[in-house]
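Engineer: Numbering (the numbering used here), first residue to last: 412 to 663.
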Amino acid sequence: MRGIEIDLSGKKAAVSGAASGIGKAVAIALAAAGAKVTVIDFNESATIQVADEINGTPLILDLSDSAKVEQTKLDVDILVNNAGLQTVSKVEEFDPERFGYMHRVMLIAPFLLTRNAIAGMYQKKWGRLIHISSAHGHRASPYKSAYVSAKHGLEGFSKTIALEAGPFGVTSNTIAPAYVRTPLVEKQITAQAELHGISEAEVVEKIMLTAPVIKRLIEPSEIGDAALYLCSESAGMITGTSLVIDGGWLAR
Ligand SMILES: NC(=O)c1ccc[n+]([C@@H]2O[C@H](COP(=O)([O-])OP(=O)(O)OC[C@H]3O[C@@H](n4cnc5c(N)ncnc54)[C@H](O)[C@@H]3O)[C@@H](O)[C@H]2O)c1
């Protein structure tokens, strides 16, 4: 059987929010293909642990600190903007500071890291920018105004960069998953099961997965593999688009 071979040896990558969940899975996938990976996160012990695991470099950085992020120079061929967080609140009660914080982490930091990394990619005439968006980069849900607006912004940002960067051999794409089995989501499942007095399996099927046709959580490694594919030579003509991994949610 013929398959694609993805060899990233000689490439340098940076993944934000890589101390946990999806970012960690992406960092593992890129490192397994031979890339030297910088693990960016503000969770110091977990960042060092992941970097040790993959023979990478830890970079402890609070992505909400825009002044520090602006000064963070990145000499990389691959940048994965992944760090993110959720807050659920009615818009009239949404804490303005929290709204701004989420936008700094999920939209301003991707802009600043891209800004810092892209000139080096242009010089090498090769680069991959991958932004971890969400099904909520394409659809809205009530009470998630900060998250949905940041992810929609990230989609627009990625498309704009794709137009600027294409002539330099640099692609920019998003990956837009539905619910992924990460620590963040697992905590929500346990809490909801207790709240509603139902099993965790029922929470996943009847509360979380009403929109997708395929009723299971996505594994983080599936996102890692998708990111790896976008880094391949075979994906060189894929730019300015969104790789939606949602079990059919957006087909509705
Ligand atoms: N889990 C899902 O179901 C799901 C679905 C769609 C999209 N996403 C997106 O995937 C990305 C990763 O989510 P996850 O589920 O792996 O979450 P996670 O909580 O497991 O990991 C997020 C990581 O980001 C880091 N982080 C958060 N704020 C930071 C800051 N200010 N500075 C530095 N690091 C910071 C955390 O320390 C953590 O290691 C997010 O952008 C999220 O919106 C997740």
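By construction, the Cβ of each residue, glycine as well, lies at the ideal position given by its N, Cα and C atoms.
Could you check whether ALA587 and SER643 sit closer than 8 Å to each other, using their CB atoms as the reference points?
Structural biologist: Here residue 643 refers to the residue found at position 232 when the sequence shown is read from its first residue. Here residue 587 refers to the residue found at position 176 when the sequence shown is read from its first residue. In this structure, ALA587 does not lie closer than 8 Å to SER643 by Cβ.
Engineer: What would DSSP say about VAL487, mapped onto helix, strand or coil?
Structural biologist: Sequence index remark: in the sequence shown, residue 487 carries index 76 (1-based). It is coil, neither helix nor strand.
Engineer: When the Cα atoms are used, what is the spatial distance from GLY567 to GLU613?
Structural biologist: As a working note, residue 567 is residue 156 in the sequence shown. As a working note, residue 613 is residue 202 in the sequence shown. Near 35 Å, if we compare the C-alpha coordinates of GLU613 and GLY567.
Engineer: Assess contact between the region 501 to 515 and the region 438 to 457, defined as three or more Cβ pairs (one per stretch) separated by less than 8 Å. Is contact present?
Structural biologist: They do not touch, by the three-pair rule.
Engineer: Note down the Cα distance separating ALA530 from ASP463, rounded to an integer number of angstroms.
Structural biologist: To locate residue 530, count along the sequence shown from 1; it is residue 119. To locate residue 463, count along the sequence shown from 1; it is residue 52. Distance between the alpha carbons of ALA530 and ASP463: 29 Å.
Engineer: What does a CB cutoff of less than 7 Å around GLU481 pick up in its chain, not counting 5 residues either side in sequence?
Structural biologist: Position 70 of the sequence shown holds residue 481. LEU523, listed in sequence order.
Engineer: Ignoring anything shorter than 4 residues or poking outside the region 436 to 470, list the alpha helix (DSSP H) runs there in chain order.
Structural biologist: For the region 436 to 470, whole alpha helix (DSSP H) runs of length 4 or above, ordered along the chain, are 455 to 464.
Engineer: Flag MET648 as yes when its Cβ comes closer than 7 Å to any non-hydrogen atom of ligand 1, and as no otherwise.
Structural biologist: Walking along the sequence shown from the start, residue 648 turns up at place 237. The answer is no for MET648.
Engineer: Should MET517 be counted as a contact of ligand 1 given a C-beta to heavy atom distance under 7 Å?
Structural biologist: Taking the first residue of the sequence shown as 1, we reach residue 517 at position 106. Under cutoff, so the answer is yes.
Engineer: Does DSSP put VAL581 in a helix, a strand or coil?
Structural biologist: Position 170 of the sequence shown, counted from the start, is the residue given in the question as residue 581. Residue state, collapsed to three classes: strand.
Engineer: So, are the CB atoms of GLY467 and VAL448 less than 8 Å apart?
Structural biologist: Mapped onto the sequence shown, residue 467 falls at position 56. Mapped onto the sequence shown, residue 448 falls at position 37. Result yes, Cβ atoms of GLY467 and VAL448 sit closer than 8 Å.
Engineer: Nearer than 7 Å: is that true of the beta carbon of LEU470 relative to any heavy atom of ligand 1?
Structural biologist: Residue numbering aside, residue 470 sits at position 59 when the sequence shown is read from its first letter. No, the beta carbon of LEU470 sits no closer than 7 Å to any heavy atom of ligand 1.
Engineer: Compute every distance between the C-beta of GLY421 and the non-hydrogen atoms of ligand 1, then say whether any falls below 7 Å.
Structural biologist: The residue labelled residue 421 in the question sits at position 10 within the sequence shown. No, the beta carbon of GLY421 sits no closer than 7 Å to any heavy atom of ligand 1.
Engineer: Would you grab the beta carbon distance between LEU620 and ARG592 for me? Rounded to a whole angstrom, and I think it's under 8 Å.
Structural biologist: Taking the first residue of the sequence shown as position 1, residue 620 is located at position 209. Taking the first residue of the sequence shown as position 1, residue 592 is located at position 181. Rounded, the Cβ-Cβ distance is 12 Å, inconsistent with contact.
Engineer: Using three-state DSSP, classify ALA587 as helix, strand or coil.
Structural biologist: The residue you call residue 587 lines up with position 176 of the sequence shown. Looking at ALA587 - three-state DSSP - the assignment turns out to be strand.
Engineer: Which same chain residues end up closer than 6 Å to SER632 when comparing Cβ atoms and leaving out the 5 residues on each side of it in sequence?
Structural biologist: As a position in the sequence shown, residue 632 is number 221, starting the count at 1. The residues are ALA436.
Engineer: Looking at the secondary structure, which residues open and close the beta strand (DSSP E) in which LEU661 lies?
Structural biologist: Counting from 1 along the sequence shown, the entry for residue 661 is found at position 250. Element bounds for LEU661: n/a, residue is neither H nor E.
Engineer: Ends of the beta strand (DSSP E) at LEU641?
Structural biologist: Here residue 641 refers to the residue found at position 230 of the sequence shown. Careful: LEU641 lies outside any beta strand (DSSP E), inside the alpha helix (DSSP H) at 631 to 642.
Engineer: Pull the bridge partners of SER653 from the DSSP assignment, please.
Structural biologist: Along the sequence shown, read from residue 1 onward, the residue named residue 653 stands at position 242. SER653 is bridged to THR585.
Engineer: Report the option in ILE618, ILE519, GLN599 whose CA atom is closest to the CA atom of HIS542.
Structural biologist: Taking the first residue of the sequence shown as 1, we reach residue 542 at position 131. Comparing Cα positions, the closest option is ILE519.
Engineer: Determine the burial state of VAL624: buried for a count of at least 16 other Cβ atoms within 10 Å of its Cβ, exposed for fewer.
Structural biologist: Counted from its first residue, the sequence shown places residue 624 at position 213. Exposed.
Engineer: Along the chain, where does the alpha helix (DSSP H) containing HIS514 start, and where does it finish?
Structural biologist: As a first step, residue 514 is located in the sequence shown; it is residue number 103 there, counting from the start. Where HIS514 is concerned, the enclosing alpha helix (DSSP H) stretches over 507 to 514.
Engineer: Hey, is ILE543 close to ligand 1, as in C-beta under 7 Å from one of its heavy atoms?
Structural biologist: Position 132 of the sequence shown holds residue 543. True, at least one ligand heavy atom lies under 7 Å from that Cβ.
Engineer: Please list the terminal residues of the continuous beta strand (DSSP E) segment that includes GLY666.
Structural biologist: Here the chain comprises residues numbered 412 to 663, so residue 666 is not present and cannot be evaluated.
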